[in-house]
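Engineer:
Protein chains in written order, with the working numbering: chain U, 4 to 338; chain Z, 4 to 338.
Structure below.
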């Protein structure tokens, strides 16, 4: 039996907090026996939500935090001033070893800043990237960095590739994962200054399976297991993935409600359509870890519901059991 | 009646040349009476294709060009060496005033280089951006720049916004078109160095209707009429738009072929689905103009078929009649 993974969960973060967050925690306990959850946030509110569920009381604890960091707050300031916020308290628990991981659907900015300032980087890691799994025709790809470090340097991207490869190999079980760099053409001489400088470095890097440039068009087809890019580009990729998918689905649904004929057709195809949409639902794949920290910090969508929280909590167990951070430490420090 | 628009059309460019290109030209004549087409390329091949059609022989001329620039060729070299290529010959016709516009589905690199080197920039224009229309829930948005100038500077982006606004107002008929800058957050202080520097410049620019940052997720919803970004980001947006759309549609189609029930449903919804897909088909909206040149150069998809060629040719007529280049000249030189 594996040891217990202790997760500090931000009960106050996201559009559906605390209800969906608490529900996700309860569901995670049911699915994964080796997890212990600290619900961090306003005790009374959390207690009220919890009282609606039947759960193993020895495996969920409430950690009181009276403040909440709002998404609109300037993150550096918020982390510094709101010492009693769920994000600061939860991250300190990771820093102090009381928790293995911190999970939050709250302010991205505060999570990124707090991850670096409170939890801290693994020695040798220059920039911790945010690395979500994105759905593809073949399964999933890991997108590093999707938003943590704008205007990154080539050496950062090389580390993203190494950390991403470890994640895909040991969390997703992909043997010798392929790595591609986002580019605007397939040839080595294409790209902006950053990509042109990074390309030869990735080519030389023996610990990864670099397969060259990936054009954005190829990403949804599952071009490579790890997709490396600077955060501005990565954020565009992630958000557009969600935006185009959602828009297209809405349009298709609307189109199907056009006439009696299409309405009948829609009824018949609905289950199949639902199945397809599920494959393209980012919530199925849990939150995005911030790689390279002394502990695990995971950001889930602001719109997270119980399912995404549950999936993310279960992911934390694999992260700990596979000793991802030790592998990252070895890989980065071997340079 | 408007005057005649003369278009030099690269008969050798793209995956389906010369057949679909020639067919597109013939169809454009039928739709638009004030157009005259020069088919530039290998005379014999073009003649053979043309002979299959019934058309007004006084409105299509063949201009012989014996060489073809392949997509894989380094563009600068190709433009310099292949003096008798369809791209070089066609662009020279624009330069010399024999044609108002040049349209090609061939090598993007060669078209971008040739546009600058042969056709030349309007005085005052720093970088000519490639500006395709992309489909949205509300209609279309103009994406400038989608791939011409990687690592652009703030002043370039301001010019993109001005030229894009003129295009949307006078080609698409959008009154006082809104302009957004692609960013990774809605607030002014978000973004990479380029966006942070460009944002206040756009805000100050009185000739445009700047409405702030646009997150990638909002683009398919039709956030703004003109979407300004650096070419690396723009290329990702364009390609991912196409990639995610295509993948999702393939998955949905596959899902619908799962069982007899879904197959019957698919038959019933097919026309509605087709209509929806048509809205999201970039070919419906013609090619991407390279804005700010002394003449018009339009790049169409490498996979262009007759429909896209026809739509693009018709677009050239509006471009000329609306005197877009004169308006760009006035706007840029008024600074």
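Glycine included, each C-beta is placed from N, C-alpha and C at the ideal position.
Report the option in Z/65, Z/45, Z/297 and Z/88 whose CA atom is closest to the CA atom of residue 76 of chain Z.
Structural biologist: Z/88
Engineer: Can you tell me whether residue 105 of chain U is buried or exposed, with buried defined as 16 or more other CB within 10 angstroms of its CB?
Structural biologist: buried
Engineer: Output needed in chain order: residues of the segment 201-221 of chain U with a Cβ under 8 Å from some Cβ in chain Z.
Structural biologist: 218, 219, 220 and 221
Engineer: In terms of DSSP beta bridges, what is residue 124 of chain U paired with?
Structural biologist: U/296
Engineer: How is the beta strand (DSSP E) around residue 183 of chain Z delimited, first residue to last?
Structural biologist: 181-186
Engineer: Name the residue from Z/264, Z/11 and Z/128 whose alpha carbon lies nearest to the alpha carbon of residue 64 of chain Z.
Structural biologist: Z/11
Engineer: Under DSSP, the alpha helix (DSSP H) around residue 91 of chain Z begins and ends at which residues?
Structural biologist: Where residue 91 of chain Z is concerned, the enclosing alpha helix (DSSP H) stretches over 89-98.
Engineer: Look at the alpha carbon of residue 147 of chain Z and the alpha carbon of residue 320 of chain Z, and state the distance between them as a whole number of angstroms.
Structural biologist: 21 Å
Engineer: What does residue 42 of chain Z pair with, by DSSP beta-bridge criteria?
Structural biologist: Z/12 and Z/65
Engineer: Based on the DSSP secondary-structure assignment, which residues constitute the bridge partners of residue 106 of chain Z?
Structural biologist: Z/12 and Z/301
Engineer: Give the residues of chain Z in contact with residue 3 of chain U, contact being defined as C-beta atoms less than 9 Å apart.
Structural biologist: Because chain U here runs from 4 to 338, residue 3 of chain U falls outside it and cannot be looked at.
Engineer: Which residues in chain Z have a C-beta closer than 9 Å to the C-beta of residue 134 of chain U? List them in chain order.
Structural biologist: Going along chain Z, no residue has its Cβ under 9 Å from residue 134 of chain U, so there is no contact; the nearest lies around 16 Å.
Engineer: At the level of alpha carbons, what is the spacing between residue 151 of chain U and residue 115 of chain U?
Structural biologist: The straight-line gap from Cα to Cα measures roughly 7 Å.
Engineer: Return the bridge partner residues of residue 143 of chain U from the DSSP annotation.
Structural biologist: U/138
Engineer: Strictly by DSSP, which residues pair up with residue 213 of chain U?
Structural biologist: Residue pairing by DSSP puts residue 213 of chain U in a beta bridge opposite U/182.
Engineer: Spatial neighbours of residue 129 of chain Z within its chain, please: C-beta separation below 7 Å, excluding the five flanking residues on both sides.
Structural biologist: Answer for residue 129 of chain Z: 158, 159 and 162, listed in chain order.
Engineer: Nearest to residue 222 of chain U by CA position, among U/176, U/257, U/290 and U/140, is which residue?
Structural biologist: U/140
Engineer: Do residue 244 of chain Z and residue 66 of chain U have their CB atoms nearer than 8 Å?
Structural biologist: no
Engineer: Taking 8 Å as the CB-CB cut-off, is residue 265 of chain U touching chain Z?
Structural biologist: yes
Engineer: In chain order, which continuous runs of the beta strand (DSSP E) of length 3 or greater are located wholly inside the segment 210-285 of chain U?
Structural biologist: Restricting attention to beta strand (DSSP E) runs no shorter than 3 residues, the segment 210-285 of chain U encloses them at 212-218 and 229-231, ordered along the chain.
Engineer: Taking all protein chains shown into account, do 16 or more other C-beta atoms lie within 10 angstroms of the C-beta of residue 254 of chain U, making it buried, or fewer, making it exposed?
Structural biologist: It is buried - the Cβ of residue 254 of chain U has at least 16 other Cβ atoms within 10 Å.
Engineer: Pick helix, strand or coil for residue 197 of chain U, following the three-state DSSP scheme.
Structural biologist: helix
Engineer: Classify residue 208 of chain U as helix, strand or coil using the three-state DSSP reduction.
Structural biologist: coil
Engineer: Need the endpoints of the alpha helix (DSSP H) that residue 173 of chain U sits in, please.
Structural biologist: 157-173
Engineer: Let me see if you follow: with CB-CB separation under 8 Å, is residue 279 of chain Z close to chain U or not?
Structural biologist: yes
Engineer: Could you tell me which of Z/180, Z/178 and Z/220 sits nearest to residue 188 of chain Z, measuring between CA atoms?
Structural biologist: Z/220
Engineer: For residue 287 of chain U, which three-state DSSP category applies?
Structural biologist: helix
Engineer: Can you round the beta-carbon distance between residue 330 of chain Z and residue 173 of chain Z to whole angstroms, since I take them to be within the 8 Å contact cut?
Structural biologist: 7 Å
Engineer: What's the C-alpha gap between residue 9 of chain U and residue 40 of chain U?
Structural biologist: 6 Å
Engineer: Which residues in chain Z sit within 8 Å of residue 254 of chain U, going by Cβ to Cβ distance?
Structural biologist: 140, 279, 282 and 283
Engineer: At the level of alpha carbons, what is the spacing between residue 196 of chain Z and residue 154 of chain U?
Structural biologist: Looking at the two C-alpha atoms, the distance is approximately 7 Å.
Engineer: Measuring only between beta-carbons, confirm whether residue 127 of chain Z sits less than 8 Å from chain U.
Structural biologist: no
Engineer: Look up residue 35 of chain Z in the DSSP assignment and say whether it is helix, strand or coil.
Structural biologist: coil
Engineer: On the CB-based measure, 16 or more other CB atoms within 10 Å of its CB, does residue 69 of chain U come out buried or exposed?
Structural biologist: exposed
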